[in-house]
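Under the numbering used here, the residues of the sequence shown are numbered 13 to 392, in order.
For each residue, glycine too, the CB sits at the ideal point set by N, CA and C.
Working notes, beginning with the structure itself.
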Amino acid sequence: MKEKIQEKFRTLFGEEGELFASAGRVNLIGEHTDYNGGYVFPGAIDKGIIAAIKPNGGDKVKAYSLDYDEYVEFGLEEEDKPSQAWACYIFGVCRETIKRGGKVKGFNTVFAGDVPLGAGLSSSAALESTYAFALNYIFENGIDKFELAKIGQSTEHNYCGVKCGIMDQFASVFGKEGSLIRLNCKTLEYKYFPFKPEGYKLVLIDSCVKHELASSAYNKRRASCENAAAAIRKNHPEVEFLSDAKRVWLEEVREEIPEEDFLRAEYVIGEVQRVLDVCDALERGDYETVGEMMYQTHFGLSKLYEVSCEELDFLNKLARKMDVTGSRVMGGGFGGCTINLVKDELYDTFVNAAKEQFTAKFGHAPKVYDVVISDGARKL
Ligand code: GLA
13 MKEKIQEKFR
23 TLFGEEGELF
33 ASAGRVNLIG
43 EHTDYNGGYV
53 FPGAIDKGII
63 AAIKPNGGDK
73 VKAYSLDYDE
83 YVEFGLEEED
93 KPSQAWACYI
103 FGVCRETIKR
113 GGKVKGFNTV
123 FAGDVPLGAG
133 LSSSAALEST
143 YAFALNYIFE
153 NGIDKFELAK
163 IGQSTEHNYC
173 GVKCGIMDQF
183 ASVFGKEGSL
193 IRLNCKTLEY
203 KYFPFKPEGY
213 KLVLIDSCVK
223 HELASSAYNK
233 RRASCENAAA
243 AIRKNHPEVE
253 FLSDAKRVWL
263 EEVREEIPEE
273 DFLRAEYVIG
283 EVQRVLDVCD
293 ALERGDYETV
303 GEMMYQTHFG
313 LSKLYEVSCE
323 ELDFLNKLAR
333 KMDVTGSRVM
343 GGGFGGCTIN
353 LVKDELYDTF
363 VNAAKEQFTA
373 KFGHAPKVYD
383 VVISDGARKL
């Protein structure tokens, strides 16, 4: 991929660029907890974005996407927002860097990626983190890593219409080979957990479905959580985020909030605790508990948070039936992948059965990705 990128860069700009990369992510547990101030437990993966970049001495960005085979030029002022979605991510990162007092001048760039789109593996965070990291390096802005992650997050909020939490960009910037990272999204304290489960594999089964309106449904979930937190806060002013609330405090406001908001909040409060339980279980090498928590998360995401779909529920049910240790829908939901913790000896049987039975039911084959926990944003 690096060679192809440089080759295109030379063709377009007559020289080579400096190479930067960042990664997509998986999340073992802790879904929809980030914007609620709870815990998440992600890691960067061996699929990501690579970009070649070089300042061009002007005030325009000249960008080429190898995957879309598309060239776009845009300026760096607020009104220069390009119309192509992929270019908006780069533009947003430039703008958010500038808003933080960073310097960004015109540059040439070519990029490509191998994060499957719409699979819930955060291809957009990989793109944002690559450019946040690269611009910081090239223009010597000295912005710290957390702020680089926030630049990506603000790009989603202000230029792409998704009110996401910090998990994806955090994982993409802070990712470390072989480690998952538990992040407290309220205090931003984090801890690396080496993750090499003896006798198990993590595998993703991609349903290859992506539901329309996923971002507005996502924003709606967030609004429900904020509504529930606001109701609880009236009785318990210490509740800054929903993750600060106890289950009994939620019960107190059950009649005051829509049932839907109650169910969303019930899921979140349970999920925050599950992340801690999974981390403890991992330290004991207790993968059965890890797996059981994953199933509980799936149940919550499907029945309370309602971000699963028929295809993902099917994969989850099949995993359960085949005695797979853990399985759940991963990421924002509304399509994408299940993440599965599978005993080595069951791996082939499970993956083959998932492919066959899913194809028979839905008329298209799922994709299968092994999870390799890898490094995040870096200069190559
Ligand atoms: C998306 C968002 C994240 C997070 C997950 C759900 O990936 O970008 O911030 O909320 O959904 O856990």
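Own chain partners of residue i with C-beta closer than 7 Å, once the 5 adjacent residues on each side are dropped
i           : result
residue 190 : 206, 207, 208, 385
residue 376 : 220
residue 308 : 286
residue 303 : 337, 338, 353
residue 132 : 342, 343, 344, 348, 349
residue 158 : 200
residue 167 : 101, 104, 105, 108, 140
residue 173 : 227
residue 212 : 299, 337, 353, 354, 355, 356
residue 325 : 314
Paired residues, beta bridge with residue i - DSSP
i           : result
residue 160 : DSSP lists no partner for residue 160.
residue 196 : 51
residue 349 : 218
residue 75  : 84, 121
residue 60  : 35
residue 390 : 33
residue 66  : 120
residue 385 : 57
residue 191 : 188, 206
residue 213 : 354
The beta strand (DSSP E) enclosing residue i, as first and last residue numbers
i           : result
residue 35  : 30–39
residue 86  : 82–87
residue 104 : No beta strand (DSSP E) holds residue 104; the alpha helix (DSSP H) holding it covers 97–111.
residue 203 : 202–206
residue 381 : 379–382
Where the alpha helix (DSSP H) containing residue i begins and where it ends
i           : result
residue 119 : Looking at the DSSP string, residue 119 is not in any alpha helix (DSSP H); the run it does join, the beta strand (DSSP E), is 119–125.
residue 134 : Residue 134 -> no alpha helix (DSSP H), and no H or E assigned at all.
residue 339 : Counting along the chain, residue 339 falls outside any alpha helix (DSSP H), though it belongs to the beta strand (DSSP E) covering 338–341.
residue 20  : 14–25
residue 325 : 322–333
residue 317 : Where residue 317 is concerned, there is no enclosing alpha helix (DSSP H), given that its DSSP letter is neither H nor E.
residue 359 : 356–374
residue 236 : 226–247
residue 184 : 179–186
Cβ separation of residue i and residue j, assumed to be a contact under 8 Å, to the nearest whole Å
i           : j           : result
residue 96  : residue 137 : Rounded, the Cβ-Cβ distance is 18 Å, inconsistent with contact.
residue 214 : residue 353 : 6 Å
residue 260 : residue 38  : Actually they do not touch by this definition, with Cβ atoms about 33 Å apart.
residue 379 : residue 128 : 7 Å
residue 269 : residue 243 : 5 Å
residue 197 : residue 46  : 4 Å
residue 280 : residue 48  : 5 Å
residue 330 : residue 366 : 6 Å
residue 65  : residue 150 : 6 Å
residue 283 : residue 43  : 6 Å
residue 278 : residue 288 : The pair is not a contact, with the Cβ atoms about 17 Å apart (cut-off 8 Å).
residue 85  : residue 72  : 5 Å
Contact set for residue i: own chain, Cβ-Cβ below 8 Å, skip 5 residues either direction
i           : result
residue 62  : 13, 14, 17, 31, 32, 33, 123, 124, 125, 142, 392
residue 387 : 35, 56, 187, 188, 189
residue 78  : 16, 17, 20, 122, 123, 124
residue 24  : 74, 76, 83, 120, 122
residue 305 : 41, 286, 289, 290, 293, 338
residue 110 : 88, 116
residue 254 : 48, 49, 50, 237, 238, 240, 241, 244, 277, 280, 281
residue 145 : 32, 34, 160, 185, 389, 390, 391
residue 272 : 236
residue 135 : 36, 61, 125, 127, 128, 129
residue 361 : 334
residue 169 : 175, 176
residue 368 : none
Neighbourhood of residue i by C-beta, 6 Å cutoff - its chain only, sequence neighbours within 5 removed
i           : result
residue 183 : 37, 54, 56
residue 370 : 378
residue 67  : 117, 119
residue 171 : 100, 104
residue 274 : 266
residue 381 : 216
residue 202 : 193, 195
residue 223 : 346, 347
residue 147 : 109, 116
residue 231 : 175
Quiz item: For the segment 261–300, which segments carrying the alpha helix (DSSP H) assignment without a break, of at least 4 residues, lie completely within its bounds, in sequence order?
Solution: 271–296
Self-check item: Beta carbon nearer than 5 Å to a non-hydrogen atom of the ligand SAH
Solution: Of the ligands this structure carries, namely the ligand GLA, none is the ligand SAH.
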